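For the sequence shown, our numbering begins at 214 and goes up steadily by one. Heads up, the beta-carbon is just placed ideally off N, CA and C, and yes, glycines get one too. Here the structure is a predicted model, which means the values were calculated and not measured. Below: one structure, written as structure tokens.
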Amino acid sequence: RYNRTFTSLSTETPTVVTLARHGYFSPTPSTPSCAIHVTVLKFCAALRRHASTVSIQGIAAALCEIHNVPYSRHLRTQLSTALDVYLAVVRLVDLRLAKALGRSDRDWQMANACSACSYRLVNEPKLKFSMLLTCDGNDSLKRVANASIVDRRTLDHGYFLSSDYVDQFANEVPRKSTNDTGVNVLSSCEQRWKNARADDYDKKIVVFDETGVFAVSCRHGFVLLLEDMRQSGELAKYPLAAVNKLCEVFGDDLLIGYDIGCTFGGTAERSLKIGPVVRKHNTQFIVGSFHGYAHNRKCQLKNHPLNVVGAGLESFEENETLFSSTNTVARTTRHATPFHRRQLIVLHVSGWDFDRRCSLGKTLKTRYNNALKISGTLPQELLKLDPTKNDEDWHSLFEQECKYFDSLSKPSEESDFGMRYVKCLQHIDMYRDHPTVKDTPTEHQYQRKIETQTRKLEAKRRSAAEQLSAIQAEVAQMEQEHAINPRWTPECDEWKVAVQREASEGYYQALRRLELLVVQRLGYKARKQITKALYRREKAIHTALNEYNNAACRIDPPRPQIDFKELSEYAYLADFDLLKFSEHGVRDAAWSQPTNRRGIQLWQKIQRAQEEIVRLNVEISRVRTHIRDEEDYISTQYTILRSTNPTLASILLTRMNMMKQVNQRINNDLASIAKLKGFSGSLDFGIRAGSEAPQMEGMETPDVDVLGSFEGISLNSPQPQEINTPGYHSEDEDEGELLDEAQGELIAMEKLCQTCQTQ
């Protein structure tokens with residue numbers, strides 16, 4: 214702690230303004246007795262962006278150690294409050310600078326987050342999909358309800374969609390049609406993915422107020438929008454609201470990857486509000502490449518990125534990387550106020566986007582290298598696999614597989630009648646021969662010798678007799694409905710066919726159980742299972758595998774055996790459907806042969822690699838042109854601001870210097886891409902399609918004094934004097950409580966930010 218004296222230019226200048234002009238921010242709006250230098254606050258904000266696991270308490274304790282003073286809780290409160298003031302000032306500066314640059318529209322940040330995706334040029338090649346996006350929810354960033362002090366501040370940031378905007382899409386999707394019995398039949402994807410099930414089954418979560426976030430990012434990792442999931446799981450309203458906003462901002466031909474993209478596409482089509490929007494803008498949905506392998510084969514053929522024309526080599530799993538980063542923020546948001554939770558998330562995500570911008574050139578280079586490698590090696594491998602087939606042949610085999618799975622239907626109830634009828638007849642024979650049903654001398658001997666068991670035996674006899682009577686009634690009804698006379702016997706052909714059918718059903722049940730266990734195990738074991746629980750899961754899989762192999766031997770003809778090692782390959786899940794439908798002649802189809810299936814996979818990957826190269830060539834031109842246009846535009850606006858608003862000009866100069874350093878790094882990476890063998894693009898500059906850069910004529914210029922002209926904020930205060938602020942001298946003071954005066958001023962600053970944002 215240091216004592217310093219500052220001289221104000223005028224006696225009417227508020228003390229906090231004088232401190233701010235000397236580079237210090239006070240945690241109290243009037244009569245401050247301490248202040249924190251802006252360099253320290255910048256460092257704290259930078260840690261919040263790039264090392265989110267570090268708490269304010271940890272930062273305060275580290276600063277105390279550096280300055281050789283013991284840590285006290287009130288220091289954490291003062292640092293936190295001063296940081297809030299600093300960040301509020303930064304937001305005000307950002308808003309005023311955006312207004313000066315003509316970029317104050319709320320959706321500007323989203324529309325210009327990624328130049329490779331959205332900076333479209335004149336006469337560039339037409340892409341099947343204008344943008345490739347990924348959306349998903351994450352439940353790590355929870356906040357416990359009523360766990361923090363009352364904080365009336367709100368943070369309205371361009372990243373987040375408002376709750377009112379999201380709630381307008383709640384409960385407006387019609388239920389799916391039901392079957393004849395009135396039961397809603399779920400697809401295998403809906404059964405497997407809990408966030409694909411109907412919202413009716415979700416219970417309101419009262420422990421947490423915010424239960425996580427729903428995020429949308431582009432294929433280069435830039436975050437486009439966020440939504441707070443409030444007291445609920447991943448409801449349909451969150452992706453519906455996101456899709457509506459994306460279509461508003463980016464227009465037509467969007468391809469959106471979602472782990473339940475197959476079922477959500479139907480949800481969006483049935484939506485009364487989103488359905489027309491999706492059809493108008495030709496928005497399509499698919500599943501991610503990693504999650505896609507846990508969907509059934511029919512779904513993979515239509516929705517897996519490898520099989521979707523125009524998807525390129527995109528994985529549509531960028532949000533998994535994003536969430537692995539935002540998970541580090543969770544420990545600081547769980548018990549935070551709503552305002553601080555959102556502020557922490559915004560800081561981290563802004564740091565994430567800055568890192569993505571710095572590595573954009575490297576990302577493009579890595580993708581280009583990968584596409585060239587696939588295009589250069591896989592054609593030779595495909596030729597060795599089958600030199601007689603060309604592109605048309607492989608495409609024809611793929612179409613045959615698609616038609617096969619489209620033609621499959623669930624066995625009718627009539628086809629299962631024989632199996633159920635024979636099973637009932639077997640139960641009749643079993644209960645007739647039961648010793649408690651047959652009134653034999655053996656039972657009387659038991660009753661005479663063991664009188665204590667009489668009641669138990671009588672109960673068993675009565676239960677077995679009742680079951681026998683019920684089964685006999687069921688058999689009689691079945692025989693009457695299907696005109697069976699005489700009753701089937703084990704010697705008749707119908708009985709033998711039904712027994713074989715029952716063996717097949719046991720095989721399919723064992724197969725379904727094995728598939729379910731493999732889906733639960735793969736991909737999530739490292740994150741959701743500790744070692745002991747994983748070991749138990751492995752034993753369950755071994756048991757299910759043995760049951761399957763035994764059932765596969767009992768049917769005619771026998772089905773293939775599965776080795777446990779094969780189950781470790783995630784792509785093997787696609788083979789389960791081949792085993793399920795092997796009775797339909799699939800084993801004799803040309804496309805189902807292992808060689809042809811491998812060939813189809815290689816052919817699809819080659820097609821996607823060629824699409825990827827075309828898209829990368831377009832993106833490289835976009836990025837190059839954006840760098841030139843942005844530097845020219847910012848330089849022009851800096852020249853204008855130097856004469857109209859020197860304060861904003863100095864801030865813009867700092868950011869312009871950083872921008873040029875980042876752009877130089879990107880240009881170096883783009884130049885190295887151009888040197889790659891096989892590069893087919895161009896580094897020539899283009900012309901942006903649509904609108905030109907905004908002009909400064911008629912544009913309002915913010916006040917020169919950024920720190921001293923906060924309209925609506927009372928900053929008048931007396932000159933500094935020796936005074937102890939509440940909480941500074943007492944270690945027992947609640948470190949979470951803010952003075953009413955300080956909280957009121959902070960609320961006023963946030964309202965001013967919102968006012969500037971809406972103007």
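- For Thr347, the enclosing beta strand (DSSP E) has its first and last residue at Met344 to Asn351.
- Segment contact: the stretch 437-446 against the stretch 570-578, fewer than three CB-CB distances shorter than 8 Å; contact not assigned.
- The stretch 406-475 contains, as complete beta strand (DSSP E) runs of 3+ residues, the segments 421-431, 436-443 and 467-470 (chain order).
- Taking each of Lys818, Glu612 and Ile473 in turn and checking the Cα distance to Pro592, the smallest one comes out for Lys818.
- When secondary structure is reduced to three states using DSSP, His548 falls in the coil class, being assigned neither helix nor strand.
- Measuring C-alpha to C-alpha distances from Leu596 to each of Arg811, Ile768 and Ala689 identifies Arg811 as the nearest.
- Excluding its 5 nearest sequence neighbours in each direction, His494 has C-beta neighbours in its own chain below 8 Å: Cys460, Gly464, Asp465, Asp466 and Leu467, listed in chain order.
- Taking all protein chains in view, the Cβ of Asp845 is surrounded by fewer than 16 other Cβ atoms within 10 Å, so the residue is classified as exposed.
- Contiguous beta strand (DSSP E) elements confined to the stretch 482-525 occur at 497-499, taking only those with 3 or more residues.
- Going by DSSP, Lys312 is part of the alpha helix (DSSP H) stretching over Arg286 to Ala313.
- If you check the CB distance, Ser484 and Glu530 do not come in under 8 Å.
- The three-state reading of DSSP puts Tyr332 in coil, since its state is none of H, G, I, E or B.
- The Cβ-Cβ distance between Thr228 and Pro245 falls below 8 Å.
- With respect to the C-alpha of Val456, the residue from Ile469, Arg855, Phe567 and Ala802 having the closest C-alpha is Ile469.
- Sequence-distant Cβ neighbours of Leu340 in its own chain, meaning closer than 8 Å and more than five residues away, are Asp466, Gly523, Val827, Arg828 and Val831.
- Scanning Ser268, Leu598, Pro773 and Ser221 for the CA closest to the CA of Ala549 turns up Ser268.
- Ranked by Cα distance from Leu354, the first of Phe536, Gly899, Arg868 and Tyr506 is Phe536.
- Taking C-beta atoms under 8 Å as the contact rule, Arg356 and Asp422 qualify, at a distance of about 5 Å.
- By the Cβ-count criterion, Gly564 is buried, with 16 or more other Cβ atoms from all chains shown falling within 10 Å of its own Cβ.
- Distances from the CA of Cys257 to each of Leu598, Gly371 and Leu276 were compared; the closest alpha carbon is that of Leu276.
- Under the criterion of beta carbons closer than 8 Å, Glu825 and Ala584 qualify as touching, at roughly 4 Å.
- The Cβ atoms of Leu610 and Trp804 sit closer than 8 Å to each other.
- Around the beta carbon of Tyr761, 16 or more other beta carbons lie within 10 angstroms, which makes this residue buried.
- In this structure, Arg569 sits near Phe435, with a CB-CB distance shorter than 8 Å.
- The closest CA to that of Thr476, considering only Gly446, Asn509 and Ala326, is found on Asn509.
- Beta-bridge pairing by DSSP links Ile249 to Phe238.
- With respect to the 8 Å criterion, Met872 and Ile900 are not classified as neighbours on the basis of their beta carbons.
- CA-CA distance, Trp607 to Ala264, rounds to 49 Å.
- In this structure, Ile833 places its C-beta atom within 8 Å of the C-beta atom of Ile886.
- Following the DSSP letters along the chain, one finds His608 inside the alpha helix (DSSP H) bounded by residues Asp604 to Ser620.
- Exclusion of the five residues before and after His370 leaves Val559 as the residues of its chain whose Cβ lies within less than 6 Å of its Cβ.
- DSSP lists no beta-bridge partner residue for Val875.
- For the set Trp701, Ser528, Tyr299 and Val429, the Cα lying nearest the Cα of Asp349 is the one of Val429.
- Within the same chain, Ala765 come within 8 Å of Pro771 by CB-CB distance, once the 5 residues on both sides are set aside.
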